[in-house]
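Peer 1: Take a look at this one; I'll ask things after.
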Amino acid sequence: MIPIEIDPNLIVSGSLIISWHGFFSLLAVITALILVARWAPTKNIDPDDIYSIGAWGIIGGIIGARIVHVIDQWSYYNQNPYEIIALWQGGIGIWGAILGGFIGAALYAKIKNKPVGIIADLTAPALLLAQTIGRLGDIVNGEHCAKATELLFGFIWTSPLSNAKYCDNPIGIAVHPVIGYEILWNLSVLFLIWQLRNKVSPPGIIFTIYLFLYAVGRFIITFFRDDRVWYLGLQEAHFISIIVGIITTTLIIMKFKLIPKEEQNNINIEEQIFDKKVSGTRAERRRKK
297 MIPIEIDPNL
307 IVSGSLIISW
317 HGFFSLLAVI
327 TALILVARWA
337 PTKNIDPDDI
347 YSIGAWGIIG
357 GIIGARIVHV
367 IDQWSYYNQN
377 PYEIIALWQG
387 GIGIWGAILG
397 GFIGAALYAK
407 IKNKPVGIIA
417 DLTAPALLLA
427 QTIGRLGDIV
437 NGEHCAKATE
447 LLFGFIWTSP
457 LSNAKYCDNP
467 IGIAVHPVIG
477 YEILWNLSVL
487 FLIWQLRNKV
497 SPPGIIFTIY
507 LFLYAVGRFI
517 ITFFRDDRVW
527 YLGLQEAHFI
537 SIIVGIITTT
547 LIIMKFKLIP
557 KEEQNNINIE
567 EQIFDKKVSG
577 TRAERRRKK
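If you use the numbering used here, the sequence shown corresponds to residues 297 to 585, in order.
What follows is the structure, encoded as structure tokens:
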């Protein structure tokens with residue numbers, strides 16, 4: 297078994313508390329923004345536009361993540377409606393963060409006449425890396441309840457402050473390392489879609505493939521989790537994964553195309569030209585304009 301002995305709080309100073317979960321979540325968001333902004337010039341997109349779009353994506357992600365959590369725990373929030381907006385008390389859903397973030401960013405990009413599909417494709421690998429980083433904080437705080445296991449790589453939380461104490465299989469009981477499963481799945485999907493860059497079309501298809509593959513993995517992994525059952529033995533994440541899977545499968549069947557090898561080479565050359573044209577500091581980019 298793998299003991300998780302770390303205190304879930306990174307810094308505690310008076311009323312100031314910074315959790316490992318919060319630290320890794322912030323690191324994940326910053327990493328994703330920097331990466332997409334760095335890749336943007338290869339598609340002739342100003343990095344400054346990415347930061348603006350990203351801000352709205354973050355807002356949409358926070359709202360979406362909270363909505364998904366509140367819906368899943370509606371029996372509680374129905375009796376405590378004022379706590380629905382109490383984000384500081386915790387409670388988010390990753391599916392809501394992904395979908396809400398996409399909606400927020402896509403709407404802003406559309407309003408500003410920016411290429412939504414291209415930006416979404418740039419974002420897909422960055423999101424997978426960000427999700428992986430963010431999940432490290434989840435391992436520390438133990439908030440994701442899972443089914444008990446006797447596997448050698450089961451997780452056991454031992455800190456009395458761990459959120460695992462609220463699970464049906466609490467502190468001291470070995471459970472499936474569901475977050476570890478998801479991290480491995482995310483990295484596998486990242487490897488795959490990285491190979492598809494500039495090889496498939498139309499714009500937006502890589503993001504669609506990312507959503508499809510994440511839905512497949514999350515659907516399977518959720519069977520090892522111990523969240524509230526909705527219907528037929530399935531949890532909220534199961535149903536979201538099914539809906540996303542159906543929509544993305546349809547889009548992939550209808551839209552997916554391989555780009556001819558010669559055209560792939562031309563795209564790679566164009567990317568190098570655009571990168572030199574748009575990259576640099578903000579002042580340098582303004583002088584180029």
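All C-beta atoms in this analysis are idealised placements derived from N, C-alpha and C, irrespective of residue type, glycine included.
1. Report yes if the C-beta distance between PHE451 and ILE300 is below 7 Å; otherwise report no.
2. Please classify ALA382 as buried or exposed, where buried requires at least 16 neighbouring CB atoms within 10 angstroms.
3. What is the rounded straight-line gap between the Cα of LEU554 and the Cα of VAL412?
4. For the ligand SAH, I want to know if PHE487 counts as a neighbour, meaning its beta carbon is within less than 6 Å of at least one of the ligand's heavy atoms.
5. Tell me the residue span of the alpha helix (DSSP H) that contains PRO343.
6. Tell me the start and end of each unbroken beta strand (DSSP E) in the segment 502-571 that is at least 3 residues and wholly inside, in chain order.
7. Can you grab the Cα-Cα spacing for the pair ALA592 / ILE407, in whole Å?
8. I'd like to confirm the pairing. Which residues does DSSP put opposite ASN374 in its beta bridges?
9. Cα-Cα, which of TYR510, LYS495, VAL496 and PRO499 is closest to SER484?
10. Is GLY396 buried or exposed, if buried means 16 or more other CB atoms sit within 10 Å of its CB?
11. Mapping the DSSP letters down to three states, classify ILE326 as helix, strand or coil.
12. Which of the three DSSP states, helix, strand or coil, is assigned to PHE451?
13. Which whole-angstrom value is the C-beta distance of ALA402 and ALA361, which I expect to be below 8 Å?
14. Does the separation of the CB atoms of LEU488 and VAL540 fall below 7 Å?
15. Under a Cβ-count criterion, where at least 16 other Cβ atoms within 10 Å of its own Cβ denotes burial, should LEU528 be classed as buried or exposed?
16. Check this for me: beta carbons of ARG514 and ALA442, under 7 Å apart or not?
17. Measure the CB-CB distance between HIS317 and ASN482 and report whether it falls below 7 Å.
18. Decide if the segment 418-430 is in contact with the segment 565-572; the criterion is three or more beta carbon pairs, one per stretch, under 8 Å apart.
19. Hey, how far is the Cα of ILE543 from the Cα of PRO456?
20. If you compare alpha carbons, which of ILE302, ILE346, ALA416 and THR546 is closest to ILE326?
21. Taking a contact to mean a Cβ-Cβ separation below 7 Å, would you say GLU439 touches ASN459 in this structure?
22. Rank SER309, PHE570, LYS551 and ARG334 by C-alpha distance to the C-alpha of PHE503 and give the top, closest one.
23. Would you identify the three-state DSSP class for PRO299, choosing helix, strand or coil?
24. When you compare the CB positions of HIS365 and GLY387, do they come within less than 7 Å of one another, or not?
25. Put ASN340 into one of helix, strand or coil per three-state DSSP.
26. Could you spell out where the beta strand (DSSP E) holding ILE489 opens and where it closes?
27. Quick check: the Cα distance between TRP453 and ALA444, rounded to an integer number of angstroms?
28. I'd like to check one pair, VAL471 with ASN465: are the Cβ atoms closer than 7 Å?
29. In whole angstroms, give me the CA-to-CA distance for TYR477 and ILE380.
30. I need the straight-line Cα distance from LYS557 to ALA416, nearest angstrom please.
Peer 2: Short version:
1. Judged by beta-carbon spacing, ILE300 lies within the 7 Å limit of PHE451, meaning their Cβ atoms are closer than that value.
2. exposed
3. 20 Å
4. Judged by which ligands are present, the structure shown has none, so any question about the ligand SAH falls away.
5. 343-368
6. 525-527
7. This structure cannot speak to residue 592, because the chain is shown only from 297 to 585.
8. BP columns for ASN374 are empty, so no partner.
9. TYR510
10. By the neighbour-count rule (16 or more Cβ atoms within 10 Å), GLY396 is buried.
11. helix
12. strand
13. That pair is no contact at about 17 Å.
14. no
15. exposed
16. Here ARG514 is not near ALA442, since their CB atoms are 7 Å or more apart.
17. no
18. no
19. Near 43 Å, if we compare the C-alpha coordinates of PRO456 and ILE543.
20. ILE346
21. yes
22. LYS551
23. strand
24. yes
25. coil
26. Careful: ILE489 lies outside any beta strand (DSSP E), inside the alpha helix (DSSP H) at 474-491.
27. 12 Å
28. yes
29. 30 Å
30. 23 Å
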